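Each number in my numbering corresponds to the 1-based position in the sequence shown with 175 added. Quick reminder that beta carbons are idealized off the backbone N, C-alpha and C, glycines included. A quick note: this is a predicted structure, and the numbers were derived from the prediction, not measured. Data first, discussion second: the structure below is written as structure tokens.
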Amino acid sequence: MDDTVGRLRSLFPPRQLDVVIGSLLGDARLECRSKGIRSGATARFRVHHGDKQKEYVFWKYRILRSLVSQPPRSSSWVNKKRNLSEISWYFHTRSSEKFGILHNVFYRNGVKILPKEIFPIFTDRMLAMWFMDDGSNNFHKLTLSTHSLPLIDQHRIGEFFKERYGICPTIVKDRTQWKLAIGKNDMVSFLSIIEPFVPHCMSYKVKSPRNDLSAFGLQLNAAERVMR
Numbered sequence: 176m177d178d179t180v181g182r183l184r185s186l187f188p189p190r191q192l193d194v195v196i197g198s199l200l201g202d203a204r205l206e207c208r209s210k211g212i213r214s215g216a217t218a219r220f221r222v223h224h225g226d227k228q229k230e231y232v233f234w235k236y237r238i239l240r241s242l243v244s245q246p247p248r249s250s251s252w253v254n255k256k257r258n259l260s261e262i263s264w265y266f267h268t269r270s271s272e273k274f275g276i277l278h279n280v281f282y283r284n285g286v287k288i289l290p291k292e293i294f295p296i297f298t299d300r301m302l303a304m305w306f307m308d309d310g311s312n313n314f315h316k317l318t319l320s321t322h323s324l325p326l327i328d329q330h331r332i333g334e335f336f337k338e339r340y341g342i343c344p345t346i347v348k349d350r351t352q353w354k355l356a357i358g359k360n361d362m363v364s365f366l367s368i369i370e371p372f373v374p375h376c377m378s379y380k381v382k383s384p385r386n387d388l389s390a391f392g393l394q395l396n397a398a399e400r401v402m403r
């Protein structure tokens, strides 16, 4: 595992690596482009969000621009469940062996997993990316949409949060599945960790009902300075 951890650290500059891994924990995906029979496996990284997150897509693009050939584009599709026409925004990187290495770490039999190799290199910015992609805030508790992960992995995340941050999430049932929840006692701590990395376009993920961010000690403009 140590060799894999070292390789992961060296793949991209820290800010880009944080955005890529944090997004992979959330909504992003890696698309395998070659199996590596004659040379190293290659893959590309894809970001895809709804129209509400358009500025978020462009924000990610600006950070990853050196890895991308074309700027974000829109896509129109019909949401059959809601019988509505939807617009989403996406971009993908160029294919490379570096993303192929990540694909081998994050996927098993074509299914995205929670790789143990990310814990030694996990950063606060990765946490922020993960929450912006997959988190929600109902102002009484925070949740992470970890439904796709087996319970054993959700327990691993909970233990990691407790050890690294002193935050104790609980696993709550959501219909027939499970997800992680962070209650009132830990909300302030959690939000104070991620707030330096949250851009203005995603401030709705962390603001209070009265839009009074001072209650959480949040100064969202700091995120723009950090990510420049």
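Assumed close pair residue i, residue j - CB separation to whole angstroms, cut-off 8 Å
| i | j | result |
| --- | --- | --- |
| V381 | V373 | 6 Å |
| H330 | K354 | Contact flag wrong, Cβ pair sits at about 13 Å. |
| W305 | L319 | 7 Å |
| F274 | Y236 | So it is not a contact: roughly 16 Å between Cβ atoms. |
| Y231 | H224 | 6 Å |
| M301 | I368 | The pair is not a contact, with the Cβ atoms about 11 Å apart (cut-off 8 Å). |
| L242 | R269 | 6 Å |
| D202 | D308 | 5 Å |
| V180 | I296 | 6 Å |
6 Å Cβ shell around residue i - same chain, five flanking residues per side excluded
| i | result |
| --- | --- |
| D226 | I262 |
| H278 | L205, C207 and A218 |
| L289 | L324 and D328 |
| S249 | I262 and W264 |
| S251 | I262 |
| Q245 | none |
| E311 | The sequence given here has Ser at residue 311, not Glu. Once the five neighbours on either side are set aside, the close Cβ partners of S311 are T318. |
| W234 | P374 |
| L200 | W305 |
Contacting residues, own chain, Cβ-Cβ under 7 Å from residue i (five flanking each side not counted)
| i | result |
| --- | --- |
| F335 | F294 |
| S209 | A216 and T217 |
| L393 | For L393, the predicted model reports a pLDDT of 43, less than 50, meaning its position is unreliable; a value from the coordinates is still stated below. For L393, where only same-chain residues beyond five positions count, the Cβ hits under 7 Å are L366, E370 and V381. |
| I238 | R190, Q191, V194 and M402 |
| I357 | K316, L317, I342, P344 and F365 |
| I276 | R182 and L186 |
| S271 | T217 |
Residue range of the unbroken alpha helix (DSSP H) whose run includes residue i
| i | result |
| --- | --- |
| Q329 | L326 to Y340 |
| A303 | D299 to D309 |
| D202 | Where D202 is concerned, there is no enclosing alpha helix (DSSP H), given that its DSSP letter is neither H nor E. |
| L239 | K229 to L239 |
Opening and closing residue of the beta strand (DSSP E) in which residue i lies
| i | result |
| --- | --- |
| F220 | T217 to G225 |
| K348 | T345 to D349 |
| L366 | Element bounds for L366: not the beta strand (DSSP E) but the alpha helix (DSSP H), K359 to I369. |
| L289 | It is not in any beta strand (DSSP E) - L289 carries neither H nor E in the DSSP assignment. |
| T318 | L317 to L319 |
Other residues of its chain near residue i: CB distance less than 8 Å, five sequence neighbours each side excluded
| i | result |
| --- | --- |
| F187 | V195, L242 and K273 |
| Q352 | H322 |
| F184 | Note on residue identity: the sequence assigns Arg, not Phe, to residue 184. Contacts found: L192 and I296. |
Validate contact between the stretch 245-265 and the stretch 282-290 using beta carbons, cut 8 Å, 3 pairs: no
Inside the stretch 246-274 only - alpha helix (DSSP H) runs reaching at least 4 residues: none
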